[in-house]
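To start, the structure under review is shown below, and the notes come after it.
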Amino acid sequence: MKILDKAVRIDAWLWGVRAFKTRSAATAACRAGHVRLNDRPAKAAAVIVPGDMIRVRESGFEKILEVRALISKRVGAQAAASCYTDHTPARPKAPSLMVPVRDRGTGRPTKKDRRELERMRRELGG
């Protein structure tokens, strides 16, 4: 792995550390406003330096990465992990849902069954 002393574009770095599958996906995420550099929206050509904080929003969650080393080419997973510090908080666990189980072949729920289902959903907050 060749660590660079000069500045690197943010889209190339995100692709290099495997935050995105392709560089064009990283560029598109920057254009769409899903990438922030030091709490400011980042353009794809934004230059990063070690110590910068990058926030990447995907699937409704946000990854927080601190740049430790600069790379411009895609590297293996272990080498990529050494180029950043992950400050992402743990994702909250989804509440376990009690899904009512109906016997196979019993047909449509009756009015009484539907009311019980609605009561359970209200109690679970859904």
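Mapping the sequence shown onto numbering that gives the first Met the number 0, position 88 (from 1) lands on 87, and the numbers just tick up by one.
All residues carry an ideal CB built from backbone N, CA and C; glycine is no exception.
#1: DSSP three-state call for residue 90: helix, strand or coil?
#2: So who's on the other strand from residue 19, going by DSSP bridges?
#3: Indicate the three-state DSSP secondary structure (helix, strand or coil) for residue 107 in the structure shown.
#4: At what residues does the alpha helix (DSSP H) containing residue 78 begin and finish?
#5: Three Cβ pairs or more, each shorter than 8 Å: is that satisfied between the stretch 78–89 and the stretch 30–41?
#6: Report the residue ranges of all beta strand (DSSP E) runs contained in full by the stretch 11–59; include only those spanning at least 3 residues, in chain order.
#7: According to DSSP, what are the bridge partners of residue 63?
#8: Using 8 Å for Cβ pairs, my map puts residue 43 next to residue 70. What's the rounded Cβ distance?
#9: In whole angstroms, what separates the C-alpha of residue 55 from that of residue 100?
Taking the definition as stated:
#1: Position 91 of the sequence shown holds residue 90. In this structure, residue 90 counts as coil in the three-state DSSP scheme.
#2: The count along the sequence shown starts at 1 and reaches residue 19 at position 20. None, per the DSSP bridge assignment.
#3: Walking along the sequence shown from the start, residue 107 turns up at place 108. If DSSP states are grouped into helix, strand and coil, residue 107 belongs with coil.
#4: Locating residue 78 in the sequence shown gives position 79, where the first residue counts as 1. For residue 78, the uninterrupted alpha helix (DSSP H) run begins and ends at 76–80, by DSSP.
#5: The stretch 30–41 and the stretch 78–89 do not touch, with fewer than three beta-carbon pairs separated by less than 8 Å.
#6: Runs found: 34–36, 52–57.
#7: Start at 1 with the first residue of the sequence shown, and residue 63 comes out as number 64. Answer by DSSP bridge pairing, in chain order: 54.
#8: Residue mapping note: residue 43 aligns to position 44 of the sequence shown, counting from 1. Residue mapping note: residue 70 aligns to position 71 of the sequence shown, counting from 1. Contact annotation, residue 43 with residue 70: C-beta distance approximately 16 Å; criterion of less than 8 Å not satisfied.
#9: Position 56 of the sequence shown, counted from the start, is the residue given in the question as residue 55. Position 101 of the sequence shown, counted from the start, is the residue given in the question as residue 100. Going from the Cα of residue 55 to the Cα of residue 100 covers about 39 Å.
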